[in-house]
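Working notes, structure below.
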Amino acid sequence: MPKSYLFLMIFFFYSMILLYFGKSGYKEIETIDDFFSGGRKMGLFACISTFVATWFSAASMQGLSGALYTYGYASVLYSVIPWFIGAYLLIRITPNLRASGAVTIPEYFFIRYGSRPLQLVGGFIVMINFILYIVIQIRGFGLVVSEFLDISYTMSILLVYVFVLYTTFGGLFSISKSDGFNSIIISAGIIIAAAYVLVRTGGIVDVHRMAASVEGYGIEGYAYFTEKGTLLSATAGGSMPVLSLISAFFGWGLGLASNPQYTVRIIAAKDDKTAQDMIKKSMVILAVVYACLIVIGLGSRVLTGSLGAIESIDQVFPYIFHMKFPTVVGGIALVALMAAAISTANSQLLVVSSSFVYDIFGILTRRTYSDEALIFISRVVVFIAGSISLVLAISPPSTLLVYGSYVWGVFSVAFLVPLYGGMFLKRADGKSAAMSMGAGLLVMGVLILMRPGSQKVFDVNPAMYGVMASSAVFWISSIRTGRAKV
Numbered sequence: 000m001p002k003s004y005l006f007l008m009i010f011f012f013y014s015m016i017l018l019y020f021g022k023s024g025y026k027e028i029e030t031i032d033d034f035f036s037g038g039r040k041m042g043l044f045a046c047i048s049t050f051v052a053t054w055f056s057a058a059s060m061q062g063l064s065g066a067l068y069t070y071g072y073a074s075v076l077y078s079v080i081p082w083f084i085g086a087y088l089l090i091r092i093t094p095n096l097r098a099s100g101a102v103t104i105p106e107y108f109f110i111r112y113g114s115r116p117l118q119l120v121g122g123f124i125v126m127i128n129f130i131l132y133i134v135i136q137i138r139g140f141g142l143v144v145s146e147f148l149d150i151s152y153t154m155s156i157l158l159v160y161v162f163v164l165y166t167t168f169g170g171l172f173s174i175s176k177s178d179g180f181n182s183i184i185i186s187a188g189i190i191i192a193a194a195y196v197l198v199r200t201g202g203i204v205d206v207h208r209m210a211a212s213v214e215g216y217g218i219e220g221y222a223y224f225t226e227k228g229t230l231l232s233a234t235a236g237g238s239m240p241v242l243s244l245i246s247a248f249f250g251w252g253l254g255l256a257s258n259p260q261y262t263v264r265i266i267a268a269k270d271d272k273t274a275q276d277m278i279k280k281s282m283v284i285l286a287v288v289y290a291c292l293i294v295i296g297l298g299s300r301v302l303t304g305s306l307g308a309i310e311s312i313d314q315v316f317p318y319i320f321h322m323k324f325p326t327v328v329g330g331i332a333l334v335a336l337m338a339a340a341i342s343t344a345n346s347q348l349l350v351v352s353s354s355f356v357y358d359i360f361g362i363l364t365r366r367t368y369s370d371e372a373l374i375f376i377s378r379v380v381v382f383i384a385g386s387i388s389l390v391l392a393i394s395p396p397s398t399l400l401v402y403g404s405y406v407w408g409v410f411s412v413a414f415l416v417p418l419y420g421g422m423f424l425k426r427a428d429g430k431s432a433a434m435s436m437g438a439g440l441l442v443m444g445v446l447i448l449m450r451p452g453s454q455k456v457f458d459v460n461p462a463m464y465g466v467m468a469s470s471a472v473f474w475i476s477s478i479r480t481g482r483a484k485v
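This is the structure:
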């Protein structure tokens, strides 16, 4: 059987199962709270499934894996370690966040600070940021399917657009059910691919021994040249500046710690223990899968040496899985890449919709609507936001991993300090929160404008300076507020 036919069969069966799970959640929606947060009654298995599936985006699966192939272990310090630190910070705020009764982070700002303008601005930030980030998922899926089925990139992104809208229209119930399936596909696909690499290379020790001897261009025509031994270096042999690695934590790590994509799952859990166990147990699963990604990244570089016929590091693994792996193994791995893109995009679209309904529409209209009307409005927002992301994905960013760190960096400079400061610093007020948010966004924005087109893996992420500015302004303003109240 021709390879393309087998790939098409795998894709067909994946699509049918995904559509089934996506439909199964529709009948459980009765209220707007059901639509956005699953009625706040989700059990541990459902929580872990949706947390893991949502975590593995195209940035993880394609951006990180391509960076591992090209730069080696420095990519882990750039992204994975900050992500895990951010997850620990989420555990710390779980009880306070759930006790607040908020559905969104901007709504928490109103509950904590009593500021509708702060909530409104926060809602717009969430919507804009996630629309930009969903571009990553659409591009990731497009690259995979165009390689997988040998169709155009434009046709490929239209497919993910349909899948994402369909599963998101069913709210968190549909997303969590499809995420249960996607999390299994993602984990199984990456573990099977890693096992194949280990068999081909002789084992984990041999992978590292051979990786230490790799020298040359990983991608023909790509600017980065791998010196011998640098794949195993924490700083890519000095090519990755330490300051750049540190700054990535402010983008990826602190951005994750203040990301509405994950806080909504904390809120959806049936109790505090379930929410905290969700994060802790998900981290164990994620650690195993990331270890497998490292094996795939280094092992593939050892096995292939150098690749031609691709234009960016984001295309490395779709190409390798298609051209260098056995058809069945490559097909399963490619479906895992698709599952990662879909499961993240639909969750982010739901957050965009919830921020519009709770943080923008409700404030601007000042009217009470029925649950049925709000669910309809939410689905309209999902359609519009998804369509905007689709259009933007036609001319996508060149590097998913770095682009994602900048988008996540906006969350860290805008939300981190008002969120955590509001929980742990009693004297903080709305003025301090608003000033810190404005200062962080201003500093990050100015730095980006001063260095247009600077989103390269070796650059210092401007979120670092934005968070510093936000923290300083919040602290100084809070001290002054405390003295004024004495």
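No gaps in the numbering here: position 411 of the sequence shown is 410 in numbering that gives the first Met the number 0, and each next residue is one more. Here a beta-carbon is modelled for each residue, glycine too, at the ideal position from N, C-alpha and C.
Those residues which DSSP pairs with residue i across a bridge
i: Y216; result: F224
i: L306; result: I218
i: A268; result: M41
Whole-angstrom C-beta distance between residue j and residue i, which should lie under 8 angstroms
i: V350; j: V263; result: 6 angstroms
i: L230; j: Y368; result: Rounded, the Cβ-Cβ distance is 56 angstroms, inconsistent with contact.
i: F324; j: A332; result: 7 angstroms
i: G361; j: Y112; result: Not quite, the Cβ-Cβ distance comes to about 17 angstroms (not below 8 angstroms), so this is no contact.
i: F55; j: A339; result: 4 angstroms
i: S354; j: G122; result: 4 angstroms
i: M277; j: L7; result: Actually they are not in contact, since the Cβ atoms of M277 and L7 sit about 36 angstroms apart, beyond 8 angstroms.
i: A267; j: G37; result: 5 angstroms
i: L400; j: L67; result: About 10 angstroms; that fails the 8 angstroms criterion.
i: V416; j: S342; result: Incorrect: roughly 29 angstroms between the Cβ atoms, too far for contact.
i: S477; j: S431; result: 5 angstroms
i: A392; j: I137; result: 4 angstroms
i: S496; j: D458; result: Because the chain in this structure spans residues 0 to 485, residue 496 falls outside the shown range and cannot be described.
i: A274; j: T93; result: 5 angstroms
i: V466; j: F249; result: 5 angstroms
i: I110; j: A98; result: With 8 angstroms as the limit, I110 and A98 do not qualify as a contact, their Cβ atoms being about 10 angstroms apart.
Span of the alpha helix (DSSP H) around residue i
i: G113; result: Taken as a continuous stretch (DSSP letters only), G113 belongs to no alpha helix (DSSP H), as it is neither H nor E.
i: R528; result: No answer is possible for residue 528: it lies beyond the span of the chain, which begins at 0 and ends at 485.
i: I231; result: Note that residue 231 corresponds to Leu in the displayed sequence, not to Ile. Taken as a continuous stretch (DSSP letters only), L231 belongs to no alpha helix (DSSP H), as it is neither H nor E.
i: W82; result: I80 to S99
i: R199; result: G170 to T200
i: S155; result: Y152 to T167
i: Y318; result: V315 to M322
i: G488; result: No answer is possible for residue 488: the residues shown for the chain start at 0 and end at 485.
i: G329; result: T326 to S354
i: F504; result: No information on residue 504 is available, as it lies outside the stretch 0 to 485 that the chain covers here.
i: S243; result: V241 to A247
i: G254; result: L253 to A256
Proximity winner among the options, relative to residue i (alpha-carbon distances)
i: L253; options: P461, G38 and I31; result: P461
i: K279; options: I265, A58 and G217; result: I265
i: T69; options: I191, I133, V213 and M154; result: V213
i: Q314; options: G217, I475, D205 and S175; result: G217
i: F50; options: Y77, S232, F12 and F180; result: F180
i: S238; options: W251, G250, L142 and F224; result: F224
i: G330; options: S246, T93, L63 and I185; result: I185
i: V301; options: P259, V198, I475 and T364; result: V198
i: V442; options: S411, L363 and A427; result: S411
i: I183; options: V288, S145 and L5; result: V288
i: L348; options: D370, D358, V328 and R378; result: R378
i: A308; options: G220, F83 and Q260; result: G220
i: A286; options: K425, M41, F83 and S74; result: F83
i: T167; options: M209, V283, T53 and M467; result: T53
i: K272; options: N95, F249, S386 and D458; result: N95
i: S78; options: S477, A233 and A274; result: A233
i: F10; options: S342, M337 and V380; result: M337
i: S151; options: G141, V159 and Y160; result: G141
i: I387; options: S74, G215, I133 and G100; result: I133
i: S346; options: A98, L63 and V125; result: V125
i: F414; options: S257, A235 and A57; result: S257
i: G169; options: D270, I31 and L117; result: I31
i: T200; options: V161, L158, L171 and I295; result: I295
i: A394; options: L131, C291 and V466; result: It is worth fixing the name first, because residue 394 is Ser in this sequence and not Ala. Minimum Cα distance to S394 is reached at L131.
i: S281; options: F108, I16 and Y87; result: Y87
i: L89; options: H321, Q260, I284 and V327; result: Q260
Closer than 8 angstroms: residue i CB and nearest the ligand FAD heavy atom
i: M443; result: In terms of ligand content, the structure shown is empty, and the ligand FAD therefore cannot be addressed.
Every unbroken alpha helix (DSSP H) inside the segment 408-485 [4 residues or more]
416-423, 429-449 and 462-484
Extract the residue ranges of the beta strand (DSSP E) inside the segment 29-76, only unbroken runs of 3 or more that lie entirely within it.
none
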